[in-house]
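Engineer:
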Amino acid sequence: MRLPFHRRDKEKRRAEKKAAEGEKGKEAATPQQNLPEETVINDAPPTLTPISNDVNIVENESKVPTQKVPTEEENGSVFTTSEIVWNRAYDELADENSALVEGYVRILPRTTNPNADITGPESDKLVARMKDPRQRQQVMKDALNAGQKKVEKSAKVTSVVGKVSGFVLKFKGVIDLAVQTNPQAALPWAGACIGLQFLLNPAQASQSQLEGIAYVVTRMQWYCALTGNMLNRKNIETDGTSYEELLVQLENRVVALYKALLTYQMKSVCHYYKNQGLVWLRNTINLDDWDGQLAGVKSSEEAVQTDSDTYLKLHSKDTLSAIAKNGQESQNILGDLNLTMHEYVADQKEEREERKQKAREADDKSALLRLLAFDKSADMWNDREGIPRATWETAHQNILRQRVTGTGEWLFSDASFRAWENPAQGATMLAIVGGESSGKSYLASSVIHHLRRNEEYRDTDLRRVVGFHFMDKRVNNTGIDILAKSLVWQCANGDGSYMQLAANESRDLGTIDPKQMLPQLLFENRDLEGIKAAFYIVINKLGDEGDVVDPEMLNLLESAWRSKNRTARIIFTCTPRTIEQVVGRGIACPQIAIRDKNEGDILKFIDSRMDSIDVLSDPRQNGVPELREKVKKALSDKTDGDYFKITTALNEIRLSEYVDEIDTILNNAGKGTDDHIRGEINKLNEARTSKEIAEINEILLWVANSQERLSVEKMTVILQLRSNAASLRSLDYKFKTSYFLFGIDNDGFVELRSSKFLELIPQRRQIAQDNQQNDQDIHPKEIEVVQYFLNTVCPPELLRKLQMEQYLQRMMTSKNCQIYQEDKNTAHARIAADILRVLAMEENARLKVLQGYAARQLMQHLSKVDLALVDRDLKSQIGPGLVKLFTNNTCIDNLFRFVSPSPGVPDWMWEDSTADQIKTWLKDSAVASEIDPKGKSWIDQLTEEPFLALLRQSAVRMAFHCLREPSPPNIAVPTFKFILHFLAKTTLAKTNLDSPTPAEIRQAEMWSEKVAGVIEREALWEVQMALVFQGFQWLSHAEARCRKALEIESSNWRALQVLAQTVENNKEAIEILNNLIDRLEKDTAWMKVHQKSLAKMACDLGDRHWQAEQFDNAPKEYSKSIKNDPSDAGTLLEILRKYQKRDQWDDAINLIKELHSSRRDSSCGCDRSIGNAI
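1 is the number of the first residue of the sequence shown in full-length UniProt numbering; add one for each residue after it.
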């Protein structure tokens, strides 16, 4: 007989399993067919030579006393043979490794009661009971029953990753059956059952542990059954020869095996509860080397295997048939359990590999991002995800959204494109050439869409990696360095193999000139040959607005052209003038002329746009089909494929009511692009009111000169700030119906519909000069003269009928109110003035959306102004605002609170150039002209001690917020850090602002006392300083300050709360919080204001119970915390994690029920908390 102690080949088992399934229905009702696959029953055991008395013994057998195994008659049938051997193994193990066995025994009560005492008197009694084999059986039986229930409940309640629950419940079925067959088998099975909890917490176990537990559990049934048969004298056939010595030797082998099994199980249980927080186990028992432990089990198995094979074949009567009969039902459950378990372990290994891979990928990403060094300004960097904003993707999606379905398809059947697309042939570079507004961007987006859709070229096995860049002067993404960085990042982000390659290069390079980035990392990188990928680079609109190609861009194209690497391919769009410059560098790439191929695209585009024009949308109306054909033909013929001209004409047709108006528009459609833009601007000047034109100019000012892209929400606030009123119409509506210059991109940012507008919209000063030279200005006095004459000679009724008042007003407005743009100096000065207004306003929810921008970008706008070129009146508005910014508490508060989601100050506050910039402004006579004497005195101080004057009042204000107000930790610590920074800046002290010493903190406190005029510190001051010390991790100092506060005011709840957080003793903290919560819950007035504070106290109390291992008391407090603040997803998540680690699933479910029941309104964040936590 071959015992099931050896692993089977996985593929063999799967093949056998399939064969067995194929034979389903052909089973014979013989016990042999229900045995596991390893069991082979021979019809006639071969005759072997008896084993001599000098058979080798296992390594630790010398320690095992040779004693006779009693028969069931000899032990009075109290224990079975198997139990006798298990008990002997237990007793010997207790002598050899008392620390392990005692630790295991003391942990057992935790299986029935998670809060059971494991070090006190009751635990001592349990250790004593376990020394008696009879009492030991009852203790282990209780532990086994509890373990079975716990495993089943945990496996059913938790949503364990993968197949874990199913696996564990299968193993539990084996244990259940074994115990039903032999209820006294608690000693070996209790540890195995508890060990199954590893499988429910695979993150806490190594692969070695998982494999070992599976190995032990799947064999335990065999160990118990075989032992009883092998060592039972009723099953021994004798021929007059005594084999007693051999039988004793075999027993010793089995005892050694059982000791190895018990050791493994005990260590498994101890390791599990060590991870549950039982720190003392770490210092008393070595719980590592799982591979070595399992090897010990297998070594003992092999010794039993050797002796038992010979022994049973010589002397067994019906052992195998007895095992088959008694184990038939268990085999039905086991089935292919070994295979299942191996698959489970393989799944766990795969998951671990996936986690390792993710960690490697994160490390690679970090390495590459360090090399690329993207601009981290708000409009270029996604701070939450730690990656650059995909401005290139925004441009692509915005164009793709406007592209008419089906257009651009002609390109993909063009021979030059097909050759370029195939990495095995053709040139590696292709140019798409077309004039201004010829649809180059539409084609570029079509190419990107096409390449992404066809991930693999049909004739190769290469993956496709697509990177693209849209040259757009309206967004700060146009330089060669930004282009190179974005293309490398896109390629790496799109292909894991290239990410790894680029990351390794990054680690080797450390830094790199952006101009060499693409050649070194892509075009000339020989390692690309090892990656099965083709890299397609799409560049839209090569060259600037004057059709001049940057020399560095030409160098880049030349490098790519001369590269021998054929898997990196470039396609770019350009104008006839820009392609000449490319060819001039010797780059003889194929060209595709758009105008020769895109007539069908033009017609589809016109058809699509007409479908959205009321007068042309319904072909069923009389005359509409003919009119549509007329429009298509005229626009196709006269615009020469210029999309801008087509769009402009269709926008005009949209507002037309009569056919003759449409005819006029079509006749003018062939005018140049510049003429169309001027015409559109003139029509806006004529059609829009003075208020609307003022809004257009304000939008234009900010879009053209802001330092960040502006959302619709921010632009709406800017317009409200200018007009002091909120419009009832949305900006989106205005852009679509009236303000045709603007649009909204896919990210919700306001943009100009075409950058050409900025070239052709006149500057305000130029308009004024032209009007003055042409004597076209109409002055109010001239209007008054005409009005006086008309009032004298005409009846008032006639004037009202003719609306002369309105006509004269329009005449003046039409000349003086036009669409214009400011010169750069005036533009930045105006924006700076608006920013100072925003920062000077009292707290206003409407303005919050703009205050972050104001705080971040003020100095940027000020630094771009040449004061000599700015109007004196405008400069005089800025002076008082600058002084107030650093001396007025409201301004300081706005600057401090709204710069970011958490309080802080902008980085420019601490830069040396800031003081110089402010001094330069304030030295200008016009800037200082409206500043009051007090402000001018401050300017004098600024000249003498720049940083002291600039920051002192802000530091004083921070001291007030930190120490004179009951501010929470997220305010108290940053404000105090500002004081530390101020003192370090003005005294040149070297202070570590993130971890100052207590002496440095005390020094800053003394400065704060001085400026605040504090003679005797009150309780509030002491509590706030406690928060400061706590924030910098000086807990003993924080505790001392809390006690000082309580000496001043014994009932101060904030002092008691912080004291409970900082004292080391859990018992004291629990007592403080119990009394405090009990008192405050009864104070209804306090609860109305401070309900979230009570939630924090309850959470702190729950944490203290948890730390003290009072696990039954914690859930009540955690539920109270969530009940009082159901919006705190972070706290909810931490609590659920605690419950998960201890398998307290009932408490987890009750907590979520509490969360649901605590929902008061949709704004409480309850659903979001659940979603974030579960």
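Built from N, CA and C at the ideal position, the CB exists for glycine as well.
Judging by CA-CA distance, which residue of K259, T887, D871 and S723 is the nearest neighbour of V927?
Structural biologist: Distance check between V927 and each of K259, T887, D871 and S723 places D871 closest, using alpha-carbon atoms only.
Engineer: Would you give the residue range spanned by the alpha helix (DSSP H) that I918 belongs to?
Structural biologist: D912 to K923
Engineer: Is it true that the CB of I693 sits closer than 8 Å to the CB of C817?
Structural biologist: yes
Engineer: Kindly indicate which residue of H1090, N1124 and L411 has the alpha-carbon position closest to the one of A593.
Structural biologist: L411
Engineer: Could you give the residue range of the alpha helix (DSSP H) that holds T664?
Structural biologist: V659 to N667
Engineer: Can you tell me which of Y264, T511 and G408 puts its alpha carbon nearest to the alpha carbon of N97?
Structural biologist: Among Y264, T511 and G408, the Cα nearest to that of N97 is on Y264.
Engineer: Could you pull the start and end residues of the alpha helix (DSSP H) that I646 belongs to?
Structural biologist: Y643 to R654
Engineer: Which partner residues does residue 1238 have in the DSSP bridge list?
Structural biologist: Shown here, the chain extends from 1 to 1174; a query on residue 1238 therefore has no answer.
Engineer: Use the C-beta contact count for T664: other C-beta atoms within 10 angstroms, 16 or more gives buried, fewer gives exposed.
Structural biologist: exposed
Engineer: So A444 and V538 are in contact, right, with Cβ under 8 Å, and what is the actual spacing, rounded?
Structural biologist: 6 Å
Engineer: P121: buried (16+ other C-beta within 10 angstroms of its C-beta) or exposed?
Structural biologist: exposed
Engineer: If you draw a straight line from the C-alpha of residue 1179 to the C-alpha of W910, how long is it?
Structural biologist: Residue 1179 lies beyond the residue range present for the chain, which begins at 1 and ends at 1174; the question has no answer from this structure.
Engineer: Would you give the residue range spanned by the beta strand (DSSP E) that H469 belongs to?
Structural biologist: From DSSP, the beta strand (DSSP E) with H469 extends over R463 to F470.
Engineer: So for W1034, helix, strand or coil by DSSP?
Structural biologist: Coil, per DSSP.
Engineer: From R253 to V101, what does the alpha carbon distance come to, in whole angstroms?
Structural biologist: 21 Å
Engineer: Could you check how far apart the C-beta atoms of E822 and R830 are, in whole angstroms? I think they sit under 8 Å.
Structural biologist: Contact between E822 and R830 holds: their C-beta atoms lie close to 6 Å from each other, under 8 Å.
Engineer: Which runs of the beta strand (DSSP E) at least 3 residues long sit entirely within the segment 535-607? Give them in chain order.
Structural biologist: 568-574 and 591-593
Engineer: Name the DSSP bridge partner or partners of P388?
Structural biologist: W381
Engineer: Based on DSSP bridge pairs, tell me the residues matched to M429.
Structural biologist: I570
Engineer: V85 and V255 look like a contact to me (Cβ under 8 Å); what is the Cβ gap, rounded to whole Å?
Structural biologist: 6 Å
Engineer: Just the C-alpha distance for D1008 and H961, rounded to the nearest angstrom, thanks.
Structural biologist: A quick correction: the sequence has Ser, not Asp, at residue 1008. Going by the C-alpha atoms only, they are around 11 Å apart.
Engineer: If you drop the 5 nearest sequence neighbours on each side, which residues of the same chain put their C-beta closer than 8 Å to that of residue 1227?
Structural biologist: Given a span of 1 to 1174 for the chain in the structure shown, any question on residue 1227 remains unanswerable.
Engineer: By DSSP, does S876 sit in helix, in strand, or in coil?
Structural biologist: helix
Engineer: Please name the residue in A415, V549 and A533 whose C-alpha comes closest to that of N565.
Structural biologist: Nearest option by C-alpha distance: A533.
Engineer: Since I744 sits in a beta bridge, which residues does DSSP pair it with?
Structural biologist: V750
Engineer: Comparing C-alpha positions only, which one of Y739, Y498 and L963 sits nearest to E686?
Structural biologist: Y739
Engineer: Quick check: the Cα distance between A1004 and L1020, rounded to an integer number of angstroms?
Structural biologist: Using only the alpha carbons, I get a separation of about 17 Å.
Engineer: For the alpha helix (DSSP H) containing N888, name the first residue and the last one.
Structural biologist: Run containing N888: none; DSSP gives neither H nor E here.
Engineer: Give me the residue from D640, L655 and N651 with the minimum Cα distance to K671.
Structural biologist: D640
Engineer: Quick one, are the C-beta atoms of V865 and H828 less than 8 Å apart?
Structural biologist: Cβ atoms of V865 and H828: closer than 8 Å.
Engineer: Along the chain, which unbroken stretches of the alpha helix (DSSP H) at least 4 residues long are found entirely within the segment 923-958?
Structural biologist: 925-928 and 933-944
Engineer: Classify C711 as helix, strand or coil using the three-state DSSP reduction.
Structural biologist: Before going on, a small fix: residue 711 reads as Ser here, not Cys. Note: S711 maps to strand in three-state DSSP.
Engineer: So what's I323 in DSSP terms, helix, strand or just coil?
Structural biologist: With a pLDDT of only 42 at I323, under 50, the local geometry of the prediction cannot be trusted, and no value is derived from it.
Engineer: What runs of the alpha helix (DSSP H), each 4 residues or longer, lie entirely inside the segment 1008-1073?
Structural biologist: 1019-1031, 1035-1048 and 1053-1062
Engineer: Taking the alpha carbon of S876 as the reference point, which residue from E558, W489, L858 and D932 has its own alpha carbon closest?
Structural biologist: D932
Engineer: Does the beta-carbon distance from L501 to D527 come in below 8 Å?
Structural biologist: yes
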